[in-house]
Structure formats: structure tokens, C-alpha cells
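So the sequence shown is residues 12 to 188, counted in the numbering used here.
Note that beta-carbon positions come from the ideal geometry of N, C-alpha and C, so glycine has one too.
Shown next, in C-alpha cells, is the structure this report addresses.
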Amino acid sequence: MSRIGKKAIAIPSGVTVTINGQNVKAKGSKGELELTLVDDVKIEQGDDGIKVDPRSDTKRARSMWGMSRTLVANMITGVSEGFTRELEINGVGYRAQMKGKDLQLQLGFSHDVLFPVPDGIKIECEKNTQIKISGIDKQQVGQVAAKIRSYRPPEPYKGKGVKYADEYIFRKEGKKK
């Protein structure tokens, strides 16, 4: 039994959810998202919120149960509150700034890295070493943050690179004489 799947999804005020077969649409103050669920689960809207249940007792249906419930819950949270990821840049001369609609990164290469910001994502640089990524789609926000981090992941000796704000870098000791 899925512990997450058993919980009903509460719908906050200001959010409207439309269920049409396996298609789920959520509309809120931040925007609108749509999702098509797999056929192994059924979704229904009740008094206490939205309930997701498996159609059968197969391993696949039970696997999809909790995941489908989490996807719908993330959709509802996204259209009502949105999601943010914060990145930090460590290193001498490493910096980031917005250049038009693109994010310009100076990460110690011989050239600047220009990252085009996709639709539905908003990127802010309060300081030149902090990047704040926000949007309504949790998957897209995480993917953009991972893509920016992949240009120069943090290294374990000096900790230089792009890291998540809540990430801990395991530091290694350098070579000794």
C-alpha cells in the first residue's frame, strides 16, 4: 500500500481542478497546467479533495499510484504558489547576470556561457553569485537548475563551481609534501 497515494489532495482556494477521464487540468493565480495520467490509476474528485487509486493490484499500478498522486499535488501547488530553486556560484571571477532574456555565466572558461531562459521560467540574479529560478512546473524548474549547475559542478578540493543553495560539498584534503 502506498502511504502517499492514500492521502487525499486538498485543493486550496483560488484553484480550479478539472478532471476529464485521465486528463487533469489545474488553473490558479500563477497559471495553468495540464497532465495526462497513466491508465493504471483512476482519479476522482470528492468532498475532501482529489483521490488517486490504483485500478488493479498489479505491481505497475501500485508503482504508478503514489507517483501520480504526487504529480497532481505538485501541479496544484505550482499553480497556487509556484516553485523556486536557488543556486550559488563559488570561485574567483565566477559570476552570473541577466543579459536580455539570456543568463550570462562567467565560469572560468575562455568564453562566457549564454543560457537561454525557457518559457515558463523566471530567473533572477540578486547578487552576481546567486541565481534564483522560479516557475509553476516543478520538473521544469529542477531541470533548468540542473542544466545551469552542469556547466561547472562544484569540485571537492576548493569548492569552486555552481551548487544548489542547500547542497553540502564534501571537501577533500589536497596533496601533502
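* Can you tell which of L98, Q154 and V124 has the C-alpha that lies nearest to the C-alpha of D113? -> V124
Task: Own chain residues within Cβ distance below 7 angstroms of K149, not counting five before or after - done: The answer, listed in chain order, is N85, G89 and F94.
Requested in this report: Using 10 angstroms around the beta-carbon of I142, count the other beta-carbons present and answer buried if the total reaches 16, otherwise exposed.
Outcome: buried
Per DSSP, which one or two residues make a beta bridge with M109?
L114
Whole-angstrom distance between V35 and L48, CA atom to CA atom:
Distance between the alpha carbons of L48 and V35: 8 angstroms.
Q) For the candidate residues K188, V173 and P165, whose alpha-carbon lies nearest to that of R182? A) P165
Q: Please work out which residues of its chain come closer than 7 angstroms, Cβ to Cβ, to N139, disregarding the five sequence neighbours upstream and downstream, and give them in chain order.
A: R106, A107 and Q108
Do you know how far the Cα of G42 is from the Cα of S91? 8 angstroms
Below 6 angstroms CB to CB, which residues in the same chain sit around F76 once its five sequence neighbours on both sides are set aside?
As written in the sequence, residue 76 is Trp, which differs from the Phe given in the question. Around W76: S13, G16, V52 and P65.
| query | When DSSP builds the beta bridges, which residues end up paired with P65? | reply | P65 is bridged to V52.
Margin query: Just to confirm the assignment, what range does the beta strand (DSSP E) spanning Q141 have?
Written below: Q141 to G146
| request: Assign G146 to buried or exposed, taking buried as 16 or more other Cβ atoms, counted over all protein chains shown, within 10 Å of its Cβ. | output: buried
7 angstroms Cβ shell around G104 - same chain, five flanking residues per side excluded: Q117 and G119
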